[in-house]
């Protein structure tokens, strides 16, 4: 497994709940997009749909102005699916050691033009 | 368990990938918001953070113009956390029998003003 | 008349004006989507466009963290149009009795492929 | 009455329903923001909340790539409220005569720090 | 040169960084849309792509509740391109003299159906 | 100069104009956020505002489903400002050699609590 890709996101007002911490949903939407990118970059010309989310855990909350660093990549490729691992670190605007905030795995299934599962390695 | 709450969403252009099917991320962002609402409606005055996503499975893809119906509610309440079950049906614009498209469970943890876990039933 | 459908929305930072209260526009955009859903769910295979907004009144302001509950449904169906009634309640995060915040009626016209009005009951 | 202010908006993919025409909700959200701007520009230092929408009528549908031109301004000022008139024209990307698409009036109420109605002319 | 068009925007929570001032990106996204509108309104039936941003300078920061007034128009038209000038003023909610906040020029290139540059005046 | 940071973005329906190509504004909004992240990650505890955009050129259009790869980093640091270089590549979903699509420089100014320029290296 290697987390080949990197992504950044700034925590803005629109990502916060009324207590001032990051909504989990903002992260969940992002990991789905990253999983799609990892699969398509690794297997160009293939179409992938989200199949499941595994082991998604939020370990530390993020706040306004925090910079999120995502590291992600293909963890495992099966016959008709791929597992994408996503790990997220928080870098606070004030500096200091980054904190592990979230990790999880997105299972993407490779589908043909009719939406039916098909081999990743055609 | 009872899925006491209902929610609706229309699949729009902005929710689609380039093959015309709904991004999983749009659903994942939504279930997080619904889980937050279910917990706060059930336990007013309590603050909840997303802790994990369990058993999230996408069973059938949705397309432009489909109407998504979410049914959700508290599945189980522990000492410092609550499990929210979310099930999603697709109603096609053309009519016909609704299709089960997604289900999963969001684990929300009840936190105090310092972000530390605290009892749901104070 | 029966308000058959229910919808939820959490008031987030992005919905607020600089005085901290909910923009009316966020509600107006939502009721249009709900009116579309009510018509299409009730009359599958029909295409509807927004024709007018009637009696839309904001009765009490909402604030950050409030949970909005929409109840909506077909109020009346004419030859080529349908009236959708939408009522909105505020549930405060702190609990307490819900407050009636908004109600109004959206007139949707049923149109054919050329955008011309056509009979709802074909 | 004079429609002193002008505003533009391009119809993009995200504003369309599955039949390719503009959602009314996109217009309704916009007129609320414009009403707020008209009141605050005309009566600086005053806080306004949306009170009602009057006579909002959609007269012609807009499509992808159309350019919307809004003309808006204070129509009437009462003791504690102001009526903002908004008219919307469609300019098609291909050119041709602009088409009247929407008009309506937003009633804004002037409120004090407690959200209570107060005189516009203090 | 004449800045024929006017546009308005209210600074909302979602446009702010963690220090409470407007993100430049919100302005940059807006001037691109305005440049597209200015070109298409002036040369209907022509397709334009963004080619470059020139002399874009942020002169004074904007804050929550400020009302942004954009004045924009075609500055110069070349053989296959057009320069759109955009100037932005801040009107504070409290009133007072408007402040010049941003100005810049967007170069738009006129393209044919294959994305190749073509004459503006066909 | 080194472009230390990497970022990804998928071109979705909401980023397209009516001819199906990516709006420049979506890229411009993104480079501003990336410039902010580059400065804050490199100089933690400092506040930066966008001052200008230099040499921003769009070299090749992107389309639906393209994956954008941004490489960015501090190009130069002055007394009270930093120049952030951003380069963008297109990876098509079908595969093939990536294409240089955009590059430019964002000038960020380091400001104190009053919004006045201050030394980057305090």
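Chains as they are written, first to last, in the working numbering: chain A, 1 to 122; chain B, 1001 to 1122; chain C, 2001 to 2122; chain D, 3001 to 3122; chain E, 4001 to 4122; chain F, 5001 to 5122.
Virtual Cβ for every residue (Gly too), placed ideally from N, Cα, C.
Source: prediction; values computed, not measured.
With the cut-off set at 8 Å, would you say residue 1143 of chain B and residue 1053 of chain B are in Cβ contact?
Absent from the structure is residue 1143 of chain B, since the part of chain B shown begins at 1001 and ends at 1122.
Report the rounded CA-to-CA distance for residue 4085 of chain E versus residue 1096 of chain B, giving the unit in angstroms.
In the fifth chain, counting from the first residue as 1, residue 4085 of chain E sits at position 85. In the second chain, counting from the first residue as 1, residue 1096 of chain B sits at position 96. Approximately 53 Å, taken between the alpha carbons.
Do residue 3947 of chain E and residue 4023 of chain E have their CB atoms nearer than 8 Å?
Residue coverage of chain E in this structure runs from 4001 to 4122, which leaves residue 3947 of chain E outside it and unanswerable.
Based on DSSP bridge pairs, tell me the residues matched to residue 4076 of chain E.
The residue given as residue 4076 of chain E occupies position 76 in the fifth chain. In the DSSP output, where bridge partners are listed per residue, residue 4076 of chain E has E/4083.
Once the 5 residues before and after residue 4117 of chain E are set aside, which same chain residues still bring their CB inside 7 Å of it?
Here residue 4117 of chain E corresponds to residue number 117 of the fifth chain, with the count starting at 1. 4080, 4109, 4110 and 4111.
With three or more beta-carbon pairs closer than 8 Å as the criterion, would you say the stretch 4067-4077 of chain E touches the stretch 5002-5017 of chain F?
Between the stretch 4067-4077 of chain E and the stretch 5002-5017 of chain F there are fewer than three inter-stretch CB-CB distances shorter than 8 Å, so the stretches are not counted as touching.
May I ask you to list the residues that DSSP assigns as paired with residue 3052 of chain D?
Residue mapping note: residue 3052 of chain D aligns to position 52 of the fourth chain, counting from 1. C/2057 and D/3107, per the DSSP bridge assignment.
Which residues, in chain order, does the stretch 4004-4028 of chain E contribute to contact with chain D at a C-beta distance below 9 Å?
So the close ones are 4005, 4006, 4007, 4008, 4009, 4010 and 4012.
Chain-ordered chain A contacts of residue 5058 of chain F [CB-CB under 9 Å]:
The count along the sixth chain starts at 1 and reaches residue 5058 of chain F at position 58. At a beta-carbon threshold of 9 Å, none of the residues of chain A lie near residue 5058 of chain F; the nearest stands roughly 21 Å away.
Enumerate in chain order the residues of its own chain whose CB-to-CB distance from residue 3059 of chain D is below 7 Å, with the five nearest sequence positions on each side excluded.
Counting from 1 along the fourth chain, the entry for residue 3059 of chain D is found at position 59. Annotation for residue 3059 of chain D: 3100, 3101 and 3102 place their beta carbon closer than 7 Å to its own, counting only its chain and skipping 5 residues before and after.
Would you mind reading off the limits of the beta strand (DSSP E) that contains residue 5036 of chain F?
As a working note, residue 5036 of chain F is residue 36 in the sixth chain. First-last for residue 5036 of chain F: 5024-5042, but that is the alpha helix (DSSP H), not the beta strand (DSSP E).
Less than 8 Å between CB atoms is the rule here; does residue 5071 of chain F satisfy it with respect to chain E?
Locating residue 5071 of chain F in the sixth chain gives position 71, counting from the first residue. No, residue 5071 of chain F does not count as interfacial toward chain E.
Nearest to residue 4131 of chain E (by Cα), restricted to the options E/4046, E/4120 and E/4065:
The question about residue 4131 of chain E has no answer here: the residues shown for chain E are numbered 4001 through 4122.
DSSP on residue 1114 of chain B, reduced to helix/strand/coil?
Counted from its first residue, the second chain places residue 1114 of chain B at position 114. Three-state result, residue 1114 of chain B: coil.
Residues from the stretch 2061-2087 of chain C in contact with chain A, defined by Cβ distance under 7 Å:
Flagged, chain order: 2064 and 2065.
Closer than 7 Å, Cβ to any Cβ of chain C: which residues of the stretch 4091-4105 of chain E, in chain order?
Of all residues in the stretch 4091-4105 of chain E, 4093 have a Cβ within less than 7 Å of some Cβ in chain C.
Buried or exposed by the 16-neighbour rule on C-beta atoms within 10 Å, applied to residue 5119 of chain F
For the purposes of this step, residue 5119 of chain F is identified with residue 119 of the sixth chain, where counting begins at 1. With fewer than 16 Cβ atoms within 10 Å of its Cβ, residue 5119 of chain F is classed as exposed.
Assuming residue 1003 of chain B and residue 1057 of chain B are in contact, meaning their beta carbons sit under 8 Å apart, how far apart are those beta carbons, in whole angstroms?
Residue numbering aside, residue 1003 of chain B sits at position 3 when the second chain is read from its first letter. Residue numbering aside, residue 1057 of chain B sits at position 57 when the second chain is read from its first letter. Their Cβ separation, rounded to whole angstroms, is 16 Å, which puts residue 1003 of chain B and residue 1057 of chain B out of contact at 8 Å.
Any heavy atom of the ligand MN inside 7 Å of the beta-carbon of residue 3027 of chain D?
The ligand content of the structure shown is nil, which means the ligand MN is not present either.
Helix, strand or coil for residue 4013 of chain E per DSSP?
Taking the fifth chain and counting its residues from 1, one reaches residue 4013 of chain E at position 13. Residue state, collapsed to three classes: helix.
Give a yes or no on whether the C-beta atoms belonging to residue 1042 of chain B and residue 1074 of chain B are separated by under 8 Å.
One-based indexing of the second chain puts residue 1042 of chain B at position 42. One-based indexing of the second chain puts residue 1074 of chain B at position 74. Yes, they are a contact pair.
Residue of C/2018, C/2121, C/2009 and C/2089 minimising C-alpha distance to residue 3113 of chain D
Counted from its first residue, the fourth chain places residue 3113 of chain D at position 113. The residue with the shortest Cα to Cα distance from residue 3113 of chain D is C/2018.
Any C-beta of chain E under 8 Å from that of residue 5053 of chain F:
Stepping through the sixth chain from its first residue, residue 5053 of chain F is reached at position 53. Yes, because at least one Cβ of chain E sits closer than 8 Å to the Cβ of residue 5053 of chain F.
In whole angstroms, what is the alpha-carbon distance linking residue 4008 of chain E and residue 5033 of chain F?
As a first step, residue 4008 of chain E must be located in the fifth chain, where it is residue number 8. As a first step, residue 5033 of chain F must be located in the sixth chain, where it is residue number 33. C-alpha of residue 4008 of chain E to C-alpha of residue 5033 of chain F: approximately 23 Å in a straight line.
Check this for me: beta carbons of residue 5061 of chain F and residue 4115 of chain E, under 8 Å apart or not?
Taking the sixth chain and counting its residues from 1, one reaches residue 5061 of chain F at position 61. Taking the fifth chain and counting its residues from 1, one reaches residue 4115 of chain E at position 115. For residue 5061 of chain F and residue 4115 of chain E, yes; Cβs fall inside 8 Å.
Throw me the rounded Cβ distance for the residue 4083 of chain E and residue 4091 of chain E pair, which I believe falls under 8 Å.
To locate residue 4083 of chain E, count along the fifth chain from 1; it is residue 83. To locate residue 4091 of chain E, count along the fifth chain from 1; it is residue 91. Between residue 4083 of chain E and residue 4091 of chain E, the beta carbon gap of about 26 Å keeps them out of contact (Cβ cut-off 8 Å).
CB contact below 8 Å: residue 2032 of chain C versus chain D
Counting from 1 along the third chain, the entry for residue 2032 of chain C is found at position 32. With 8 Å as the cut-off, residue 2032 of chain C counts as an interface residue toward chain D.
Excluding the 5 residues preceding and the 5 following residue 21 of chain A in the sequence, name in chain order all residues of the same chain whose CB lies nearer than 8 Å to its CB.
Stepping through the first chain from its first residue, residue 21 of chain A is reached at position 21. Contacts found: 61, 62 and 63.
Can you give the Cα-Cα distance for residue 25 of chain A and residue 1051 of chain B, rounded to whole angstroms?
The residue labelled residue 25 of chain A in the question sits at position 25 within the first chain. The residue labelled residue 1051 of chain B in the question sits at position 51 within the second chain. About 11 Å.
Give me, in chain order, the residues of the same chain whose beta-carbon lies closer than 6 Å to that of residue 3046 of chain D; leave out the 5 immediate sequence neighbours on both sides.
Position 46 of the fourth chain, counted from the first residue, corresponds to residue 3046 of chain D. Within the same chain, and ignoring the five residues on either side of residue 3046 of chain D in sequence, the residues whose Cβ sits closer than 6 Å to its Cβ are 3110.
Check whether the Cβ of residue 41 of chain A lies closer than 8 Å to any Cβ atom in chain F.
Indexing the first chain from 1 puts residue 41 of chain A at position 41. By this cut-off, residue 41 of chain A is an interface position.
Answer with buried or exposed for residue 4078 of chain E, where buried requires no fewer than 16 other C-beta atoms within 10 angstroms of its C-beta.
Residue mapping note: residue 4078 of chain E aligns to position 78 of the fifth chain, counting from 1. Exposed, because fewer than 16 other Cβ atoms sit within 10 Å of the Cβ of residue 4078 of chain E.
Looking at the C-beta of residue 1117 of chain B, does it have a partner C-beta in chain C at a distance below 8 Å?
As a first step, residue 1117 of chain B is located in the second chain; it is residue number 117 there, counting from the start. The beta carbon of residue 1117 of chain B does not come within 8 Å of any beta carbon belonging to chain C, so the residue lies off that interface.
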